[in-house]
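Single-structure report; data block below.
There are 2 protein chains.
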Amino acid sequence: MFRTHTCGQLRLPDAGQEVTLSGWVQAGRDFGGLTFVDLRDRYGITQVVFDSDDDAALADQAGKLGREWVVQVSGEVRERTSKNPNRPTGEVEVLARTLTVLNKSKVPPFTIEDETDGGDDLRMKYRYLDLRRGPLQQNLLFRSKLALAVRAYLGGQDFVEVETPNLIKSTPEGARDFVVPSRMNEGQFYALPQSPQTFKQLLMVAGYDRYFQIVKCFRDEDLRADRQPEFTQIDCEMAFVTQEDVLNTFEGLTRHLFSEVKQVELGDFPRMQYDEALRRYGSDKPDLRFGMELVDLSAVAQGRGFKVFDAAELVVGIRVPGKADLSRKQLDALTDWVKRPQIGARGLVYAKFNADGSIKSSVDKFFDQEALQAWAAVAGAEAGDLLLVLSGEEEASRKQLGSLRLHVAAEHEMIPAGVFKPLWVVDFPLLEWNEESQRFHAMHHPFTSPKREEVERMLTGDHETMKALKADAYDLVINGAEIGGGSVRIYDRSLQEKNFQLLGFTPEEAEAQFGFLMGAFEYGAPPHAGIAFGFDRLCAVMNGQSSIRDFIAFPKNNQGRDVMIDAPALIDAKQLEELGLSLEIAAEKR
Amino acid sequence: MFRTHTCGQLRLPDAGQEVTLSGWVQAGRDFGGLTFVDLRDRYGITQVVFDSDDDAALADQAGKLGREWVVQVSGEVRERTSKNPNRPTGEVEVLARTLTVLNKSKVPPFTIEDETDGGDDLRMKYRYLDLRRGPLQQNLLFRSKLALAVRAYLGGQDFVEVETPNLIKSTPEGARDFVVPSRMNEGQFYALPQSPQTFKQLLMVAGYDRYFQIVKCFRDEDLRADRQPEFTQIDCEMAFVTQEDVLNTFEGLTRHLFSEVKQVELGDFPRMQYDEALRRYGSDKPDLRFGMELVDLSAVAQGRGFKVFDAAELVVGIRVPGKADLSRKQLDALTDWVKRPQIGARGLVYAKFNADGSIKSSVDKFFDQEALQAWAAVAGAEAGDLLLVLSGEEEASRKQLGSLRLHVAAEHEMIPAGVFKPLWVVDFPLLEWNEESQRFHAMHHPFTSPKREEVERMLTGDHETMKALKADAYDLVINGAEIGGGSVRIYDRSLQEKNFQLLGFTPEEAEAQFGFLMGAFEYGAPPHAGIAFGFDRLCAVMNGQSSIRDFIAFPKNNQGRDVMIDAPALIDAKQLEELGLSLEIAAEKR
């Protein structure tokens, strides 16, 4: 037996007991004839003391222990003379009688403390050491707890967890698939699922009524900081439900998770139409933790001879409360920020409503104080406030300003900490017209149903009708992050065929790729709807963090590499041969 | 709202209520002016009645409903005049006032009943219909419930569920990997994990102490009936434990699962050494539900001039109780059975101990009654018993007879139903010498530790020493099926290097493939051990079934194909090009 207790277990009532602990040497220090060693495991830290008066050889051995060595110690628990109130075990220590070194450790390449001196690359390479640090360990323990809570809740609501296959078929719609060559079916490939979408719909056809799965999904995209080639979803589907049923069920789940795992009671889950979200926040995932809503200034800003505004479809602003004192340099920086290609605005207009009642704007030439007072009236600006204004094509301007709103709020710490503001964004458009490809793209995915009352229009309508169709599609947004999204599904073959046709599929392509699903719709498919939560993102948002990578045990870097195990890697020529494949690229490029 | 209740919910106290149900038409029948429709969903079946005296048009519409149509019915719950005691809802029916057809159904290609008329291939193609049948639905609901119980139990024992990556690195050791070409790292491949082995060991190095995961694993092997290219494991690892700790923990889990999900209280979990299991049962996964242990007859069967026996390393038999009355034809069939290449015996000797005290054997020429009495004495055979005897090389003969033992017991229904007999098989050999490749193979896997007391011998011993090394490796066997296996792991770099060397790795190969793990062992790796249960198999065994396929929602066939979605499939030339790959095989072969 390696231990009688963990390093987080001993308390004052245990004093006098003989115990055995095993763990890592967190720190050691000599103090006169006493050597103190902090012994650490997942559960906590316990102080062990070696007294050279008792056993000089043992104390000597203890003095030579290095950081991160793994040791086993036996001895008697006793009350500490100098207690540590910050540590649950801080009232006791173990007076060591025996010490066994279970394993030594080289000096770690970075300090294993909450704040470490290791850079990103080094910590990724030695991920197993980085994972020893408190913050990452708390993240992974949180994730495990959250997954258990999800399952317990959904299981209690009659949801069945069904594992869907990972080796499926590649479909060109949507993001790029990872593919897996088949050895037994040479020249053919499986694909890894981007989501279990069609399988969960088939489970509804099969009568499972309520399905869920916490499931890995895969997407071969160029990676950004918050994207990973493999990610985890809480994937759900329900039969015989309306959108309202789905929203209520998953509002219930979300409330439960926050309450159970975070001890946070969430407030309202308002519902906001997609159009309204864009209009008020310039985003389909508005952050409701702070105000600064978008204000339409066209009526008061156009027709004054300022060509930029006059030529614009929209002039739109946000009132930044109490920030009239921003310096010229700060305002220039904001201008540069919106002009970056990622945002794409052509410039930024400001108006400062000074404490003394005067107004200073970057367009004083066109707008006198009275004209600017009209802006203030529309925007509700008061003395001390700053107004930031963009103009141009309506949707683009709103989105640019929505981004600026987030940027300014973050930069000036105007977002309250520890606050969670959920909402449902609903009534998304069904289709998005793409000028370049001259075809529609699915706003959510090709299985999403138009609103019930629009089915007839979809089957018979013209091009403009299609553009205006709204879907029973919905997103759950918390603090400006998209936590989940879903939709009511098509369950009728002819409507599904029509949708594929609008999305540019020939009937043959639709049949080849999704014939099994359309076939299933002919054998008694029930009305159904579903949703998927991004589990990695949910973990991060619940902890007020933005990087999902810190909630994944072994993430890939931005090149899709696991630098610890050094994957992907070359494979044997024999493996390639068995798969009937050859590499097209020159050997020196590999 | 599509329903107020499910089809399994209504009871007598609900009589008088107005309700709405939705579900599938299981069956309909006309009876005078009444039309009865059995409405089915996952939760049950409720009888709906349409009375043509009340509403002739509605009753007429109901009479035209087809099997598997999806309908919504509203009406009043009332007590049935003729109750059905076999159905939880059997005391009530719903008198329909409205009927809405939500979706029609073509006539299903096979009957959707517990016993179906559909062949395997047809049912695989229409898996979504097969999954509607009661037995499969019960299997998948069982699986979901079992997974929840596993998680609740392990979560309650401080195990952390950590998701390990699916895109990892290919290693030539063990079975064949599925590989995934990387687009961002052209010419390189990920592999899908055969198990999260190295990652769970790294989690122990990282201090997570107790890890588990219910996880998909992948193996590109030629498939047998009970193998699938993707399968699910309950994968676990623990730090600071001995083999004894692991066995006790997972005996606890197994007991809990049987008790919680099957209401079965398991008896003892005896521990049997690998050598003993082979000796007594001719198998490393003995089925303890019945006797018929192997008996060494060499002492009484050799030296009598029967050359086959005299030349053999071992003569070994099983006593089949009460089967002296097997016909010549039946015995010939058994002989043919053991001579099949899968078994590989050269012949079968029998002795019948007749009720009248006479003995009839297939080797009467060499063994008189007295000699055969000596066999009976050794084997404990009594009047009415049959003795089946094999001979040859010791290990091969034992395994052949072990197979025959199972075959005879199954054929003659000598295995009690509803009985569960678990045991731990322990003390497996560490290494297995392979004559052909002239190197050792790992009996469990390359990370398995020799027994603690044998470490020194392993580091310094000669070839014969290596052959005799025993590992701290263990299997959980229930009713002759291997449910799980695991081992105490190596956590020392030099011992791991030695093991790789014995397994035929050059130091460079070992470093290239497993350098990250051996590196981790240098930074304070704790002693650790683990186990993995085959989750699909566990589901099947707990239900007394042998095919794991019936517990997988969407399995592959023996060619690794999903015939429903028709995968694997060809992919676009563009996809291949992006991956830098080309197909080696001729177009016409595809």
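Keeping their order, the protein sequence lines are chains A and B. Per my numbering, the first sequence runs over residues 432 to 1021. Per my numbering, the second sequence runs over residues 432 to 1021. The beta-carbon is built from N, C-alpha and C at its ideal position, and this holds for glycine as well. Values in this document were obtained by computation on a predicted structure and should not be read as measured data.
Item to complete: Could you have a look at A:Ala-488 and say whether DSSP puts it in helix, strand or coil?
Response: Start at 1 with the first residue of the first sequence, and residue 488 of chain A comes out as number 57. Correct three-state label for A:Ala-488: helix.
Fill in: Nearest residue (CA-CA) to A:Pro-624, options A:Asn-616, A:Arg-607 and A:Asp-545
Residue numbering aside, residue 624 of chain A sits at position 193 when the first sequence is read from its first letter. Of A:Asn-616, A:Arg-607 and A:Asp-545, the residue nearest in Cα terms is A:Arg-607.
Practice prompt. Kindly give me the distance between the Cβ atoms of B:Gly-506 and B:Leu-526, rounded to whole angstroms, as I take these residues to be in contact under 8 Å.
Written response: In the second sequence, the residue the question calls residue 506 of chain B occupies position 75. In the second sequence, the residue the question calls residue 526 of chain B occupies position 95. Their Cβ separation, rounded to whole angstroms, is 5 Å, which keeps B:Gly-506 and B:Leu-526 in contact under 8 Å.
Practice prompt. Please name the residue, chosen from A:Gly-815, A:Val-780, A:Val-794 and A:Ala-808, that lies closest to A:Asp-787 on a Cα-to-Cα basis.
Written response: Mapped onto the first sequence, residue 787 of chain A falls at position 356. Checked all of A:Gly-815, A:Val-780, A:Val-794 and A:Ala-808; the closest Cα to A:Asp-787 is A:Gly-815.
Worksheet item: Using the rule of at least 16 other Cβ atoms within 10 Å of the residue's Cβ for burial, across every protein chain shown, is A:Gln-800 buried or exposed?
Response: By one-based count along the first sequence, residue 800 of chain A stands at place 369. Per the 10 Å Cβ criterion, exposed.
Discussion item. My output table needs one value for A:Glu-1019: the three-state DSSP class, helix, strand or coil.
Written reply: Position 588 of the first sequence, counted from the first residue, corresponds to residue 1019 of chain A. Because A:Glu-1019 carries a pLDDT of 48, less than 50, the predicted location of this residue cannot be relied on, and the following value inherits that uncertainty. Note: A:Glu-1019 maps to helix in three-state DSSP.
Item to complete: Drop a sphere of 10 angstroms on the beta-carbon of B:Glu-1019, count the other beta-carbons inside from all chains shown, and report buried for 16 or more, exposed for fewer.
Response: On the second sequence, position 588 is the one that residue 1019 of chain B refers to. Residue placement at B:Glu-1019 is poorly supported in this model, since its pLDDT is 48, which falls under 50; the coordinates are not used for a value here.
Worksheet item: Per DSSP, what kind of secondary structure is B:Asp-998 in: helix, strand or coil?
Response: For this step, residue 998 of chain B is matched to residue 567 along the second sequence. The identity of residue 998 of chain B in the sequence shown is Ala, whereas the question assumes Asp. Correct three-state label for B:Ala-998: strand.
Practice prompt. Output, in chain order, the set of chain B residues within a Cβ distance shorter than 8 Å of A:Asn-597.
Written response: As a first step, residue 597 of chain A is located in the first sequence; it is residue number 166 there, counting from the start. Chain B residues near A:Asn-597: Asn-597, Leu-623, Lys-647, Phe-649 and Glu-661.
Worksheet item: Closer than 8 Å, CB to CB, is A:Thr-531 near chain B or not?
Response: Along the first sequence, one-based indexing puts residue 531 of chain A at 100. No, A:Thr-531 lies away from the interface with chain B (no Cβ there is under 8 Å from its Cβ).
Discussion item. Measuring only the C-alpha atoms, how far is A:Ser-918 from A:Gly-892?
Written reply: Taking the first sequence and counting its residues from 1, one reaches residue 918 of chain A at position 487. Taking the first sequence and counting its residues from 1, one reaches residue 892 of chain A at position 461. When rounded, the distance between both Cα atoms is 22 Å.
Fill in: Cβ pair count under 8 Å reaching 3, the segment 549-562 of chain B against the segment 930-950 of chain B
no
Worksheet entry | the ligand GDP heavy atom lying under 7 Å from the CB of B:Gly-748 | The ligand GDP is not part of the structure shown, which contains no ligands of any sort.
Fill in: Candidates A:Phe-952, A:Leu-890 and A:Ser-483: closest to A:Leu-634 by CA position
Position 203 of the first sequence holds residue 634 of chain A. Ranking the options by Cα distance to A:Leu-634, first place goes to A:Phe-952.
Discussion item. Within 10 Å of its beta-carbon, does A:Val-538 have 16 or more other beta-carbons around it, so buried, or fewer, so exposed?
Written reply: Position 107 of the first sequence, counting from 1, holds the residue named residue 538 of chain A. Per the 10 Å Cβ criterion, exposed.
Item to complete: State buried or exposed for A:Val-850, treating a residue as buried only when at least 16 other CB atoms are found within 10 Å of its CB.
Response: Residue numbering aside, residue 850 of chain A sits at position 419 when the first sequence is read from its first letter. Per the 10 Å Cβ criterion, exposed.
Discussion item. Quick check: the Cα distance between B:Thr-602 and A:Arg-650, rounded to an integer number of angstroms?
Written reply: What you label residue 602 of chain B is simply residue 171 of the second sequence in a count that begins at 1. What you label residue 650 of chain A is simply residue 219 of the first sequence in a count that begins at 1. Rounded to whole angstroms, B:Thr-602 to A:Arg-650 spans 24 Å at the Cα level.
Discussion item. Here's a check: name, in chain order, each residue in its chain whose Cβ is nearer than 6 Å to the Cβ of B:Arg-1021, leaving out the five neighbours to either side.
Written reply: For the purposes of this step, residue 1021 of chain B is taken as residue 590 along the second sequence, with counting starting at 1. Reliability fails at B:Arg-1021, whose pLDDT of 46 lies under 50, so the model's placement of it is uncertain and no value is given.
Practice prompt. Would you please verify whether the beta carbon of B:Thr-435 is less than 8 Å from any beta carbon of chain C?
Written response: Considering every chain present, this structure includes no chain C. Its protein chains are A and B.
Worksheet entry | Any C-beta of chain A under 8 Å from that of B:Leu-579 | Against the second sequence, residue 579 of chain B aligns to sequence position 148. For B:Leu-579, the answer is yes, since a Cβ of chain A falls inside 8 Å of its Cβ.
Discussion item. Quick check: what's the CA-CA separation for B:Phe-985 versus A:Thr-595?
Written reply: Here residue 985 of chain B refers to the residue found at position 554 when the second sequence is read from its first residue. Here residue 595 of chain A refers to the residue found at position 164 when the first sequence is read from its first residue. About 7 Å.
Worksheet item: What residues of chain B sit near A:Leu-633, judged by a beta carbon separation below 7 Å?
Response: What you label residue 633 of chain A is simply residue 202 of the first sequence in a count that begins at 1. Those within 7 Å of A:Leu-633 in chain B are Tyr-559.
Worksheet item: Would A:Gln-659 be called buried (16 or more neighbouring beta carbons within 10 Å of its own) or exposed?
Response: Residue 659 of chain A sits at position 228 when you count from the first residue of the first sequence. Buried: at least 16 other Cβ atoms inside 10 Å.
Discussion item. So, at 8 Å on beta carbons, what are the nonlocal neighbours of A:Thr-542 in its own chain, with the 5 sequence-adjacent residues on each side left out?
Written reply: If you number the first sequence from 1, residue 542 of chain A lands on position 111. Result list for A:Thr-542: Asp-548 and Gly-549, in chain order.
Worksheet entry | With 16 other Cβ atoms within 10 Å as the buried cut-off, status of B:Asn-989 | Locating residue 989 of chain B in the second sequence gives position 558, where the first residue counts as 1. Under this definition B:Asn-989 is an exposed residue.
Fill in: chain A contact residues for B:Leu-688, given Cβ-Cβ distances below 8 Å
Walking along the second sequence from the start, residue 688 of chain B turns up at place 257. Within 8 Å Cβ-Cβ: nothing; B:Leu-688 doesn't reach chain A, min ~15 Å.
Worksheet item: Going straight from the alpha carbon of A:Asn-515 to that of A:Met-845, what length do you get?
Response: Mapped onto the first sequence, residue 515 of chain A falls at position 84. Mapped onto the first sequence, residue 845 of chain A falls at position 414. Approximately 37 Å between the Cα atoms of the pair.
Worksheet item: Below 8 Å between beta carbons: does that hold for B:Ile-979 and B:Asp-657?
Response: Working through the second sequence from its first residue, we reach residue 979 of chain B at position 548. Working through the second sequence from its first residue, we reach residue 657 of chain B at position 226. Yes. Within cutoff.
Worksheet item: If you pair each beta-carbon of the segment 948-964 of chain B with each one of the segment 565-584 of chain A, do three or more pairs fall below 8 Å?
Response: no
Worksheet item: Hey, does A:Leu-562 have any beta-carbon neighbour from chain B nearer than 8 Å?
Response: On the first sequence, position 131 is the one that residue 562 of chain A refers to. Chain B contact via Cβ: present.
Worksheet item: Shortest alpha-carbon distance to B:Asp-993 belongs to which of B:Tyr-557, B:Lys-770 and B:Ser-513?
Response: Residue numbering aside, residue 993 of chain B sits at position 562 when the second sequence is read from its first letter. Among B:Tyr-557, B:Lys-770 and B:Ser-513, the Cα nearest to that of B:Asp-993 is on B:Tyr-557.
Discussion item. Taking CB distances under 8 Å as the criterion, tell me whether B:Tyr-905 reaches chain A.
Written reply: Residue numbering aside, residue 905 of chain B sits at position 474 when the second sequence is read from its first letter. For B:Tyr-905, the answer is no, since every Cβ of chain A falls outside 8 Å of its Cβ.
Discussion item. Below 7 Å on C-beta distance, what does A:Trp-455 contact in chain B?
Written reply: Residue 455 of chain A sits at position 24 when you count from the first residue of the first sequence. The answer, in chain order, is Gly-638 and Gly-955.
Worksheet item: Of all the CB atoms in chain B, is at least one closer than 8 Å to the CB of A:Lys-1030?
Response: The requested residue 1030 of chain A does not occur in the structure, where chain A is confined to residues 432 to 1021.
Discussion item. When you compare the segment 669-679 of chain A with the segment 637-648 of chain A, are there three or more beta-carbon pairs, one atom per stretch, that lie closer than 8 Å?
Written reply: yes
Worksheet item: Roughly how many angstroms lie between the CA atoms of B:Ile-749 and B:Ser-880, to the nearest whole one?
Response: The sequence position of residue 749 of chain B within the second sequence is 318, counting from 1. The sequence position of residue 880 of chain B within the second sequence is 449, counting from 1. Each residue's Cα considered, the two are about 35 Å apart.
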